[in-house]
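Q: In the numbering used here, the protein residues as written are 813 to 970.
Quick reminder that beta carbons are idealized off the backbone N, C-alpha and C, glycines included.
If you're wondering where the values come from, they're calculated on a predicted model, not measured in any experiment.
For reference, the structure I am asking about is given below.
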């Protein structure tokens with residue numbers, strides 16, 4: 813594949829989006845999806861709280877946290893919250909700021925490598941990936957080597 817300035821024109825629909833954001837929210841019936849009148853005075857207040865824009869933070873954040881702690885998807889939501897590095901919404905019982913304080917450089921590197929791997933799987937050249945991610949081409953090649961090394965370290969699947 814030749815480098816393209818408009819790579820959106822040569823990729824399948826949504827492929828670039830999935831590659832750049834390889835983490836999706838958990839699937840299933842999350843507690844936050846259904847309005848709980850015992851926790852929030854209105855659907856709008858509940859939605860705002862989980863969108864990271866609590867109407868009355870001192871009331872809404874504890875209520876959202878309580879809903880999360882009863883949710884059957886709490887663990888998968890927590891993995892998503894940390895993997896995606898979302899910086900806005902309330903997820904897995906934590907505000908974006910609370911999660912940000914726990915982030916480690918290793919998580920940032922792991923996410924970047926996953927994005928690089930996804931973009932490379934779309935057959936994009938390393939130069940294009942480097943330009944898209946604002947990184948040096950040699951660091952992209954290094955990420956690809958690490959991804960391949962980790963793959964080869966995994967036990968074979970049956």
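State the Cα-Cα distance for the pair residue 857 and residue 966, rounded to the nearest angstrom.
A: So the alpha carbons of these two residues sit roughly 45 Å apart.
Q: Please specify which runs of the beta strand (DSSP E), each continuous and at least 3 residues long, are wholly inside the region 833 to 886, giving them in chain order.
A: Those beta strand (DSSP E) runs which fall completely within the region 833 to 886 and span 3+ residues do not exist here.
Q: Report all residues from its chain with a CB closer than 8 Å to the CB of residue 907; omit the five preceding and five following residues, and keep chain order.
A: Around residue 907: 864 and 873.
Q: For residue 934, which three-state DSSP category applies?
A: Three-state DSSP puts residue 934 in coil, outside helix and strand.
Q: CA-CA distance, residue 844 and residue 950?
A: Distance between the alpha carbons of residue 844 and residue 950: 43 Å.
Q: For residue 823, collect the residues of the same chain with a Cβ closer than 7 Å to its Cβ; drop the 5 residues on either side in sequence, then sort them by chain order.
A: Same-chain partners within the cutoff: 934.
Q: With a cut-off of 8 Å, do at least 3 Cβ pairs link the region 913 to 920 to the region 866 to 882?
A: With the cut-off at 8 Å, the region 913 to 920 and the region 866 to 882 do not touch.
Q: Distance check for residue 875 and residue 905, CA to CA, integer angstroms please.
A: Roughly 10 Å between the two C-alpha positions.
Q: Return the first residue and the last residue of the alpha helix (DSSP H) that residue 826 is part of.
A: It is not in any alpha helix (DSSP H) - residue 826 carries neither H nor E in the DSSP assignment.
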